[in-house]
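The next block holds one structure in the form of structure tokens; read it before the comments.
Protein chains: 4
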Amino acid sequence: MNGRATTGRPPTERGRRKRGALVQAAREVFEERGFEDTRIAGITGRAGVAYGSFYTYFDSKEAIFHEVAKGVAGEMFDAARSAAPPGTEPIDRIRHATGRFLDAYRDNARIMQVIEQISPRHPLFRSLFLEIRGLFVERIVAGTRRLQEEGVASSDIDVAATASMLGGMVEHTARMLYLYGEEHDPEVVVETATRLWARGIGLDYEDPPRSPEEVGVRDGK
Amino acid sequence: MNGRATTGRPPTERGRRKRGALVQAAREVFEERGFEDTRIAGITGRAGVAYGSFYTYFDSKEAIFHEVAKGVAGEMFDAARSAAPPGTEPIDRIRHATGRFLDAYRDNARIMQVIEQISPRHPLFRSLFLEIRGLFVERIVAGTRRLQEEGVASSDIDVAATASMLGGMVEHTARMLYLYGEEHDPEVVVETATRLWARGIGLDYEDPPRSPEEVGVRDGK
Amino acid sequence: MNGRATTGRPPTERGRRKRGALVQAAREVFEERGFEDTRIAGITGRAGVAYGSFYTYFDSKEAIFHEVAKGVAGEMFDAARSAAPPGTEPIDRIRHATGRFLDAYRDNARIMQVIEQISPRHPLFRSLFLEIRGLFVERIVAGTRRLQEEGVASSDIDVAATASMLGGMVEHTARMLYLYGEEHDPEVVVETATRLWARGIGLDYEDPPRSPEEVGVRDGK
Amino acid sequence: MNGRATTGRPPTERGRRKRGALVQAAREVFEERGFEDTRIAGITGRAGVAYGSFYTYFDSKEAIFHEVAKGVAGEMFDAARSAAPPGTEPIDRIRHATGRFLDAYRDNARIMQVIEQISPRHPLFRSLFLEIRGLFVERIVAGTRRLQEEGVASSDIDVAATASMLGGMVEHTARMLYLYGEEHDPEVVVETATRLWARGIGLDYEDPPRSPEEVGVRDGK
DNA sequence: CATGAATGAGAGTTCATTCAT
DNA sequence: TATGAATGAACTCTCATTCAT
């Protein structure tokens, strides 16, 4: 990063468009080929931009990947923050959170995989990856503590470990579904996750009290 | 893979030793640097073998990685197959399986990560990765069905989805612990996983009935 | 050089200022980084001028360097032409010329070095470099011939070779002092050069008439 | 310098030959094009070696240039150290030293120029350049002091400054002759230099007492 | 078989110059 | 004229694989 490339957003409309085209093209190519196998020429070719123009906007392959990854992180953060409407029942909240996370992961699975791929050797992306995951787990921790205070969740569980594992369960499921082609009925997945989660923290889980549509899950992009 | 390298075991003792040294060195270097950043020279250097000799034993970098990966798969398979002694209570069986898997993952985490890293672009390793995981999940499926037949586990659950998710939960936990440095008390992890698992399939889980040592968990390789 | 840039002086005051700023900035950057390592962006950045404007005033990096070099040549020419007041004694004339040359070189050493650096591959700058040097040597030739005619300098010397060598001696001394950090007392340098020069052409050089501190009592011979 | 290239001399005869061919080719190309304009491909092409083989022997363009420069320094050192036979008269010693230096410079002029060219930005080569020059000047200092002790050279001169300037005079003359095409009769040059030098340090210089051949000057490589 | 030098097709990055606005 | 983004040829260095010894 030698500072030659425009640091912030380029000032002109044309520049903004070109930069955006590069980021979009980069995301596609990174998803298709991974980080190492992505060539700058591949990005510029897809963006319809001259090779050298890449370096007008980004200092390196890492830099544009960071840009892509930040966008992904934003989307995942939004999904993690999305809460069910006030007054929603605990189990529906869990169902909602699970569904939103799966939806978000579905849209970002391949690029998330690339972020994870390079994270061992790029601390920056490792952090980003852990932050995305961390936020989701934090929400589970907070939600579980609230349920404990309300007296509906078991009070004898290790909330941190439990939240990490339940979050991991959903994340891993997302990976299997969207990266490794494991096939399950989406409703069954959400319902099974909800059951495991609810029972795991000591809620009384019975048959799905309402259809998934009613709680806004699986909005199908 | 042009078949130039010895296909089976090399006939001489010396050759066998060299080949073994290469595989061992390769595993170490792959763990340290990942697949892309591993150099043939790095492997031969660590193995104390001449550069050119590499191609006497292996056709390519992929070939030796495959050899390494097969070894890892074997170790993981063994862990997945390990069952608690006959007569063990269901919850102790779960605790046992969880502990064995975590132990096996701890010993193979880094190389598993590398296998996963390259799996998107190498169908062979993708299959291997899925097989390792698949065997573990199959065992959960079988175990759960047995518990259903015995009438101790809920009968209304989707066993395939449940097993995939519980397996994923444990696997993801292993990743967080051994690859991303998430810190948890190992006993708490095993116990929390056991609780989530047991409750999730409808068993009556209460306080840990015995200390972890007694069921052979955390055997420290 | 396609002639797109304004050939002569730009007509407007604003343009003249910009051009001047570019030349001044160019000289500084060339001095600091040499020709190859100087970037157009470095020049425009220091001049506070838009990148693209550079080509409004100059056709190429060579063109602006030529402009800079011409300025340097002018300064050096002035120094070479500077003669001691009429009636000055021969040795004082030599001392004067030496001092003026050293002063001029001190002010232009770094850029002179750059001119010389690129001279092997740019005939234009090679000529310029040789002209600067040539004028100085010519003055020495003329002065020496005059002294020969006056009967105070040896008549059996090859004036061209002698002048070239004496000029080179002073020039080389300037290079060592101002480019390579060789440390000498400036007065000693001037005096030593004067002595070598004077004695070399056969003048009677005795004690420096202006430095009473200097010891140096010569043998009567 | 990442240490991949063979550090010392390559062990095999073949390797030695290849390395030598590269150094020889490099010297030629550096002389023709200067440091910046020399391409690795130019060196390997001339040496009849594959592009990649360059990096088997050298880590970088700087590394091979250093090798070339060390060779040149060696030749120049030898010339500087060369002394006239015992019993040679002082003026003949000066004539000898001058001639040897000019001969050595003639053979190394272009590469010396390249060393100087890059010296401002490469401290290593700057040192080398100054060492070459320094040794020659030291010899002059030593010789002059001896002549002072013998009572034949002026005792009131600043030997360090005088030696630097006389050495610089010869060096500069060499540059003009061999780099800038200034034309002088070689014998006249040697004789003029000898005269200026001798008279400058106070020796009684008269007409050349013998022909240059007799003192081993201008040995034509 | 053992050895390690030889090979050369890329890869990312630079930057003088051009050109659209 | 002023601006700064656009262009793409060029360059160095890498390294899996081959091959001569």
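Chains as they are written, first to last, in this note's numbering: chain Y, 1 to 221; chain L, 1001 to 1221; chain E, 2001 to 2221; chain D, 3001 to 3221.
Backbone N, C-alpha and C define an ideal beta-carbon position, used for all residues, glycine too.
Non-local C-beta neighbours of Y:E171 in its own chain, meaning closer than 8 Å and more than five positions away in sequence, comprise F101, Y105, R133, F136, ordered along the chain. Pairwise C-beta distances place the region 172 to 180 of chain Y out of contact with the region 144 to 164 of chain Y, as fewer than three of them are shorter than 8 Å. For D:I3091, the uninterrupted alpha helix (DSSP H) segment begins and ends at 3090 to 3118. As the crow flies, the alpha-carbon of E:F2030 is around 27 Å from that of E:P2186. L:I1140 is a Cβ neighbour of L:A1097, given a cutoff of 9 Å. Nearest CB-CB separation between E:I2132 and chain D: not below the 9 Å threshold. Given a length threshold of 3 residues, the region 2126 to 2192 of chain E has no whole run of the beta strand (DSSP E) inside it. One Cα belongs to E:S2155, the other to E:R2039, and the distance between them is close to 52 Å. D:H3122 does not reach chain E, its nearest Cβ partner there being about 11 Å away, counting only Cβ pairs nearer than 8 Å. In this structure, Y:R93 lies near Y:G143, with their beta-carbon atoms less than 9 Å apart.
Residue nearest to L:F1065 within the set L:L1196, L:A1198, L:R1033 is L:R1033 (criterion: CA-CA distance). Restricting attention to alpha helix (DSSP H) runs no shorter than 4 residues, the region 3032 to 3090 of chain D encloses them at 3040 to 3047, 3054 to 3057, 3061 to 3081, ordered along the chain. Between the alpha carbons of L:S1127 and L:K1070 lies a gap of roughly 11 Å.
Contact check for D:K3018 against D:Y3051 fails: the beta carbons are separated by 9 Å or more. A straight-line Cα-Cα distance of about 25 Å links E:E2138 and D:I3201. For the pair L:V1072 and L:I1111, the CB atoms are nearer than the 9 Å cut-off.
Proximity of E:Q2148 to chain D, defined by a Cβ-Cβ separation below 9 Å, is not satisfied.
For the region 170 to 194 of chain Y, the set of positions with a beta-carbon nearer than 7 Å to some beta-carbon of chain L reads E171, H172, T173, M176, Y180, E182, H184, V188, V189, T192, A193 in chain order. Between L:R1121 and L:E1191, the C-beta spacing is not below 9 Å. Within the same chain, and ignoring the five residues on either side of Y:A47 in sequence, the residues whose Cβ sits closer than 7 Å to its Cβ are A21, L22, A25.
If you draw a straight line from the Cα of E:G2168 to the Cα of D:G3168, it is about 8 Å long. At a beta-carbon threshold of 7 Å, the residues of chain E lying near D:M3165 are M2169, T2173, T2192, A2193, L2196, ordered along the chain.
A check of alpha carbon separations from D:G3099 across D:L3124, D:E3036, D:A3193 identifies D:A3193 as the nearest. If you ignore the 5 residues before and after Y:Y205, its C-beta comes within less than 8 Å of the C-beta of I91, T194, R195, A198, R199, all in its own chain and listed in chain order. Scanning Y:Q113, Y:V159, Y:A161, Y:E89 for the CA closest to the CA of Y:V68 turns up Y:Q113.
Note on geometry: alpha-carbon atoms of L:V1188 and D:E3062 lie some 59 Å from one another.
Spatial neighbours of E:S2082 in its own chain (CB-CB distance under 6 Å, excluding positions within 5 residues in sequence) are listed in chain order as R2100. E:A2163 is the residue among E:A2163, E:F2077, E:D2037 whose C-alpha sits nearest the C-alpha of D:H3184. Short of 8 Å from the beta carbon of Y:F35, and not among the five residues preceding or following it, lie these beta carbons of its own chain, in chain order: K61, F65, V114, Q117, I118. Relative to the Cα of D:M3076, the nearest Cα in the group D:T3088, D:L3130, D:E3089, D:A3084 belongs to D:L3130.
In this structure L:A1153 is buried. Its beta-carbon is surrounded by 16 or more other beta-carbon atoms within 10 angstroms. At a beta-carbon threshold of 9 Å, the residues of chain Y lying near L:T1162 are T192, R195, L196, ordered along the chain. Using a Cβ distance threshold of 9 Å, E:D2103 and E:A2084 do not count as a contacting pair. A direct Cα-Cα distance of roughly 23 Å separates E:P2086 from E:L2166.
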